[in-house]
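First up is the structure itself, then whatever we jot down about it.
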Amino acid sequence: MAKDSPIRALLTVLVTAVVCSFFVSASVVLLRPIQLNNKLLQRSGNVLALTGLLPADGGIEDAELLDLFKGLDARVVDIDATELDSEFDPYTFDARKAATDPELSVAVPPGEDVASLGRRSRYETIYFVWKNGELDRVVLPIRGAGMWSMLYGYITLESDFNTIAGVMFYEQNETPGLGDQIAKPHWQDKWVGKKLYEDTDEVLFHVAEGPVAAGASGAEFQVDALTGATITANAVTALVRYWFGPQGYGPLLQRLREHPPQKPGASAGSES
Amino acid sequence: MSTQHPLTTPLIKENPLALRVLGLCPALAITNSLTSALVMSAALTVVLVISNTTISLVRKLLPSSVRLIVQITVIASAVTVIDQFLKAFLPDTAARLSVYVALIITNCIVLGRAEGCAMKENVGTSILDALGNGAGYSLILIVVAFQRELVGKGSLMGYQIFEPISQGGWFPENALVTLAPSAFFIIGVLVWVIRSWKPEQCEKPDFEPIPLPRKEKR
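Chains L and X, in that order, are what the protein sequence lines are.
The first sequence begins at 3 in the working numbering and counts up one residue at a time.
The second sequence begins at 17 in the working numbering and counts up one residue at a time.
Below you can see the structure in the form of structure tokens.
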């Protein structure tokens, strides 16, 4: 067959496609379990960092980390129905993917969409931390648009569902040296002990416009400004206001305050 | 071709980045940390070796009408496989490199070497050429990343060398250097240095400037 005949060209392309797709599929299928394990490990580290369960020196084996994570009381909650349990498995449910699924998500009304989410999942995975049979903390995922990128993080609340016990942003791509300070411990530490609400369900918490003087009025609702990163700081304020306002976890937290959650296995009566 | 050696020529004399200015986009994006630069260099070199070897092996069977399709398919497959490996075994670095590993597919160095070398030379020469070009690209990435991470963050491969002011030390971190445009400056200076050393790399002007007409008095 002549080297440049159309049939030969077609055959060459076919053979190339088949051989190459074999290698690509093999690598994807064989490496998938390892990649999923990496993701779970990463998530475990992020969530556990806010629970106070990790050893202070930071040294922990992967297997131990996973055990600790699986020991958490994780629930996939229905945010709008304020249901604490749903049919989803908290270890495989992916709220980020769910946000693009019309069945599992709701459109955020444009007027309310301060965090520029567009759509959000109706379900989120939250984690209760129990200590000696008492609720110690709850870890809630948060997200919202920053200046350049989506910010993904967690906020931990004390058992009063108002006091912030910790915050972290595990994924962001803000301006290096300015906005990316939101991912640095020295700023995140300032959130500890601050409060979201006063008496009403209106979120008062915000990032201040300058340093916050201790004892100033409203200081318990503010953290220090980020120098040179006003847009990122405003975005953080907006996403906290969204997620803890009436469109986000507000109703769920209200319900939790009225009907404290039960430790799983402690009593037969489940929340309904 | 007697003075050309496929392994050493691409290091300085025909450096893919400094002379041909190929693969500039990832070089700007990922050189803010030395670890990323090293992983990116390794990934690109492996892809180059795989694509040059494969293309060189089948070069006599390829009808010239579809050779580019075959080359790109081979390159894209190699890149996807490498990307999967990085995500499995170096998840943190892979997350920081984000799309830039996948974008090796469009890196002109890879297609350029497949078309320019692997289609003509035997397998041995093609592998040496791939290693040489990979090393030449890596050299620039590493030099740039070394400066950017050290000046920008006072660290190397994540280890703090100088204590930055924000953590109570003395070292003023330079935020400009951590941003992508600074790589332009550093690569520009590198190109300048190399071309002063090897003036034969300087491009001839495309045309002689036309002398300006004399200004007439009004």
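The beta-carbon is built from N, C-alpha and C at its ideal position, and this holds for glycine as well.
Computed from a predicted model, the values in this text were never measured in an experiment.
Counting only beta-carbon atoms, is residue i nearer than 8 Å to chain L?
{"i": "K136 of chain X", "result": "no"}
{"i": "P107 of chain X", "result": "yes"}
{"i": "S154 of chain X", "result": "no"}
{"i": "S93 of chain X", "result": "yes"}
{"i": "Q163 of chain X", "result": "no"}
{"i": "T122 of chain X", "result": "no"}
{"i": "F101 of chain X", "result": "yes"}
{"i": "T96 of chain X", "result": "yes"}
{"i": "A104 of chain X", "result": "yes"}
Could you give the C-beta distance for residue i and residue j, rounded to a whole number, given that I count them as a contact under 8 Å?
{"i": "D226 of chain L", "j": "A210 of chain L", "result": "6 Å"}
{"i": "V12 of chain X", "j": "L195 of chain X", "result": "Only positions 17 to 234 of chain X appear in this structure, which leaves residue 12 of chain X out of reach."}
{"i": "G152 of chain X", "j": "P42 of chain X", "result": "Rounded, the Cβ-Cβ distance is 15 Å, inconsistent with contact."}
{"i": "V117 of chain X", "j": "A59 of chain X", "result": "6 Å"}
{"i": "K103 of chain X", "j": "Q37 of chain L", "result": "5 Å"}
{"i": "M149 of chain L", "j": "T234 of chain L", "result": "5 Å"}
{"i": "T61 of chain X", "j": "A161 of chain X", "result": "Not really, about 15 Å apart at Cβ, beyond 8 Å."}
{"i": "I91 of chain X", "j": "V126 of chain X", "result": "5 Å"}
{"i": "L43 of chain L", "j": "L68 of chain L", "result": "7 Å"}
{"i": "S81 of chain X", "j": "A11 of chain L", "result": "5 Å"}
{"i": "L54 of chain X", "j": "G148 of chain X", "result": "Not quite, the Cβ-Cβ distance comes to about 18 Å (not below 8 Å), so this is no contact."}
If you drop the 5 nearest sequence neighbours on each side, which residues of the same chain put their C-beta closer than 7 Å to that of residue i?
{"i": "S171 of chain X", "result": "E165 and I177"}
{"i": "R122 of chain L", "result": "A101, S107, V108 and V110"}
{"i": "F71 of chain L", "result": "S46, V49 and L50"}
{"i": "E85 of chain L", "result": "V79"}
{"i": "Q163 of chain X", "result": "I202"}
{"i": "Q256 of chain L", "result": "D203"}
{"i": "G34 of chain X", "result": "The sequence shown places Ala at residue 34 of chain X, rather than the Gly named in the question. Closer than 7 Å at the Cβ level, and outside the excluded window around A34 of chain X, lie I156, L206, V207 and I210."}
{"i": "P92 of chain L", "result": "A76, R77, V78 and T127"}
Considering only residues of the same chain and omitting the five flanking positions on each side of residue i, which have a CB-CB separation below 6 Å?
{"i": "S49 of chain X", "result": "E165"}
{"i": "L198 of chain L", "result": "N164, V205, F207 and F246"}
{"i": "A130 of chain X", "result": "S67, I71 and Q87"}
{"i": "A117 of chain L", "result": "G146, A240, L241 and Y244"}
{"i": "L74 of chain L", "result": "Y129"}
{"i": "A231 of chain L", "result": "L180 and G181"}
{"i": "R211 of chain X", "result": "Q217 and C218"}
{"i": "Y156 of chain L", "result": "L52, V141, P143 and M170"}
{"i": "N123 of chain X", "result": "G39"}
{"i": "T158 of chain L", "result": "L52, R139, V141, A167 and G168"}
{"i": "T141 of chain X", "result": "P22"}
{"i": "Y253 of chain L", "result": "Residue 253 of chain L is actually Pro in this sequence, not Tyr. Same-chain partners within the cutoff: T84."}
Is there a Cβ of chain X sitting closer than 8 Å to that of residue i, yes or no?
{"i": "A19 of chain L", "result": "yes"}
{"i": "K72 of chain L", "result": "no"}
{"i": "Q44 of chain L", "result": "yes"}
{"i": "K192 of chain L", "result": "no"}
{"i": "K5 of chain L", "result": "yes"}
{"i": "G181 of chain L", "result": "no"}
{"i": "L98 of chain L", "result": "According to the sequence provided, residue 98 of chain L is Arg. The question's Leu does not apply to it. Chain X, which has no Cβ nearer than 8 Å to the Cβ of R98 of chain L, makes this no."}
{"i": "L33 of chain L", "result": "yes"}
{"i": "V174 of chain L", "result": "According to the sequence as given, residue 174 of chain L is Gln; it is not Val. No, no contact with chain X."}
{"i": "A270 of chain L", "result": "Any reading at A270 of chain L must be qualified, since the residue scores a pLDDT of 44, below 50, and its modelled position is unreliable; the value itself is stated next. So, not an interface residue."}
{"i": "S88 of chain L", "result": "no"}
{"i": "A11 of chain L", "result": "yes"}
{"i": "N40 of chain L", "result": "yes"}
{"i": "F25 of chain L", "result": "yes"}
{"i": "I36 of chain L", "result": "yes"}
{"i": "P178 of chain L", "result": "yes"}
{"i": "V15 of chain L", "result": "yes"}
{"i": "V169 of chain L", "result": "no"}
{"i": "V116 of chain L", "result": "no"}
{"i": "S29 of chain L", "result": "yes"}
Between which residues of its own chain and residue i is the CB-CB distance below 8 Å, once the five residues before and five after are set aside?
{"i": "N138 of chain X", "result": "S72"}
{"i": "E179 of chain X", "result": "G170, G185, W186 and F187"}
{"i": "P213 of chain L", "result": "D226 and A227"}
{"i": "N236 of chain X", "result": "As displayed, chain X neither begins before 17 nor continues past 234, which places residue 236 of chain X out of reach and without an answer."}
{"i": "W132 of chain L", "result": "D75, D138 and K265"}
{"i": "D145 of chain X", "result": "P22, L23, P26, N68, R129, C133, A134 and E137"}
Subject >> Contiguous beta strand (DSSP E) assignments of at least 3 residues, all confined to the region 130–189 of chain L >> reply: 136–147, 152–160 and 166–173
Original post:
Can you list, in chain order, the residues of the region 27–61 of chain X whose Cβ is nearer than 8 Å to any Cβ on chain L?
Top reply: N48
**OP:** Compile a chain-ordered list of the residues in the region 75–91 of chain X whose CB is closer than 8 Å to at least one CB of chain L.
**Re:** L77, L78, P79, S80, S81, V82, I85, V86, T89 and V90
Subject >> Within 7 Å of chain L by C-beta, residues of the region 169–202 of chain X in sequence order >> reply: E189, A191, T194 and L195
Original post:
What residue ranges within the region 32–87 of chain X form continuous alpha helix (DSSP H) runs of no fewer than 4 residues, ordered along the chain?
Top reply: 40–45 and 50–74
Original post:
If contact means a Cβ-Cβ distance below 7 Å, which residues of the region 47–66 of chain L contact chain X?
Top reply: none
**OP:** May I have a chain-ordered list of the beta strand (DSSP E) segments no shorter than 3 residues that lie completely inside the region 11–83 of chain L?
**Re:** 75–80
Subject >> Complete runs of the alpha helix (DSSP H) confined to the region 88–134 of chain X [at least 4 residues] >> reply: 107–113 and 124–129
**OP:** Mind checking the region 229–246 of chain L against chain X and listing, in chain order, the residues whose C-beta falls within less than 8 Å of any C-beta there?
**Re:** none
**OP:** For the region 133–153 of chain L, enumerate the residues whose C-beta is nearer than 9 Å to any C-beta of chain X, in chain order.
**Re:** none
Subject >> Ranges of the alpha helix (DSSP H) found wholly within the region 212–260 of chain L, counting only runs of at least 4 >> reply: 232–246 and 252–260
Subject >> Runs of alpha helix (DSSP H) lying entirely within the region 131–189 of chain X, each at least 4 residues, in chain order >> reply: 139–169
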